[in-house]
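The structure appears right after this line, and notes come after that.
Residue numbers (our numbering): 12 to 336.
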């Protein structure tokens with residue numbers, strides 16, 4: 012329904028618009044359950060073997076719990092969550108699937124940029140990739156900011172032979188990166204901070220996604236947790252340059268393979284020009300990596316799969332906490 016409304020209204024869809032997000036969220040909050048949970052179960056039961064294995068694999072990636080567990084003493088009932096939590100993006104994203112469960116069921120959850128593993132199994136947007144992260148139950152949260160994809164009709168060879176990056180530098184590794192590259196002639200790098208010292212030499216004007224897609228190379232740098240530009244960058248016809256990710260979200264950044272889905276850079280980015288020169292000389296290899304990246308992003312565009320996986324991740328959470336019959 013909401014997608015049809017979007018098509019009738021002319022807006023810039025290079026980024027998700029919060030107008031429709033909140034209209035949908037408020038409608039969900041005050042409407043009855045328009046999709047019954049048994050419809051999810053029926054959809055799953057009717058999948059073929061291959062599709063079911065794919066669904067199960069992703070569910071078990073997001074929710075790695077394998078045995079029964081207890082929730083914390085601070086766990087919140089769904090009913091209390093609905094009445095007390097701030098009605099913002101994280102709330103509506105989680106409510107979209109929580110509403111199919113008993114309101115007395117309790118959840119542990121942490122909203123925001125989470126870079127540590129909780130003491131109790133908790134619903135989060137992000138988690139560290141390495142180590143035991145099974146207490147971090149990933150859900151597709153803040154998707155209006157993170158899950159942006161583009162339709163890029165400019166081929167790699169027809170783009171500028173440069174790298175581009177724009178973003179806020181409130182963490183040291185981003186600041187170090189910008190200081191190193193902002194005045195180099197083979198790239199267009201700059202920060203777009205909105206607070207602090209805005210007169211520094213490496214401050215540059217914002218570039219729209221359309222403007223950034225004119226460049227052959229898109230640099231991806233983690234911020235507080237994951238890099239929000241990774242999803243749209245990997246759906247483009249530009250080549251993604253980044254160091255090995257340390258954090259992951261619903262996008263499964265931990266499943267990305269270096270030099271297959273993206274070009275691996277050193278942690279200090281000192282080899283960026285070298286890697287750019289290599290792929291400028293090896294266009295076929297560059298386009299192969301771009302193709303692999305595009306194929307990886309396609310799975311997140313299947314709304315039916317995204318819905319059933321989200322539902323089953325929570326179903327598994329409530330089953331293992333003994334709250335689901």
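A virtual CB, placed ideally from N, CA and C, is assigned to each residue, including glycine.
The model shown is predicted, which means the values in this text are computed figures rather than measured ones.
| Where residue 185 falls, given that 16 or more other Cβ within 10 Å makes a residue buried | buried
| field | Range covered by the alpha helix (DSSP H) that runs through residue 190 | value | 183-192
| request: Closer than 6 Å by C-beta to residue 235: which residues in its own chain qualify, once you throw out the five before and the five after it? Chain order, please. | output: 124
| Is DSSP giving residue 19 helix, strand or coil here? | Residue placement at residue 19 is flagged as unreliable, the pLDDT there being 38, under the threshold of 50; the coordinate-derived value follows with that caveat. Residue 19 falls in the helix class under three-state DSSP.
| field | Cβ-based neighbour list, residue 262, same chain, cut-off 8 Å, excluding 5 preceding and 5 following | value | 157, 158, 237, 241, 242 and 311
| task | Could you check what DSSP says for residue 246 in three-state terms: helix, strand or coil? | result | coil
| request: Count the other CB atoms, across all protein chains shown, that sit within 10 Å of the CB of residue 271; report buried if there are 16 or more and exposed otherwise. | output: exposed
| message | So, at 6 Å on beta carbons, what are the nonlocal neighbours of residue 128 in its own chain, with the 5 sequence-adjacent residues on each side left out? | response | 144, 146 and 147
| said: With three or more C-beta pairs closer than 8 Å as the rule, is the region 47-67 touching the region 296-307? | reply: no
| field | Classification of residue 286 by the beta-carbon crowding that lies within 10 angstroms, buried from 16 upward | value | buried
| said: Does the contact criterion of 3 or more C-beta pairs under 8 Å hold for the region 319-334 versus the region 107-122? | reply: yes
| message | Please report the distance separating the alpha-carbon of residue 87 from that of residue 115. | response | 9 Å
| By Cβ distance, which residues of its chain are closer than 7 Å to residue 1, with the 5 residues on each side in sequence left out? | This structure cannot settle anything about residue 1, because the visible part of the chain is limited to 12 through 336.
| At what residues does the beta strand (DSSP E) containing residue 171 begin and finish? | 171-178
| Does the distance from the CB of residue 60 to the CB of residue 163 come in under 8 Å? | no
| said: Considering Cα atoms alone, identify which of 154, 212, 252 and 301 is closest to residue 260. | reply: 154
| query | Within 10 angstroms of its Cβ, does residue 332 collect 16 or more other Cβ (buried), or is it exposed? | reply | buried
| said: Taking the alpha carbon of residue 385 as the reference point, which residue from 314, 288, 223 and 252 has its own alpha carbon closest? | reply: For residue 385 there is no data in the structure shown, the boundaries of the chain being 12 and 336.
| message | Assuming the contact rule is C-beta atoms closer than 8 Å, residue 119 and residue 83 should be a hit. Round their C-beta distance to whole Å, please. | response | 5 Å
| message | Among 140, 207, 200 and 113, whose alpha-carbon lies nearest the alpha-carbon of residue 334? | response | 113
| message | Can you tell me whether residue 138 is buried or exposed? The criterion is at least 16 other CB atoms within 10 Å of its CB, across all chains shown. | response | buried
| Secondary structure of residue 199, DSSP reduced to three states | strand
| query | So what's residue 70 in DSSP terms, helix, strand or just coil? | reply | helix
| So what does residue 139 bridge to, in DSSP terms? | 258
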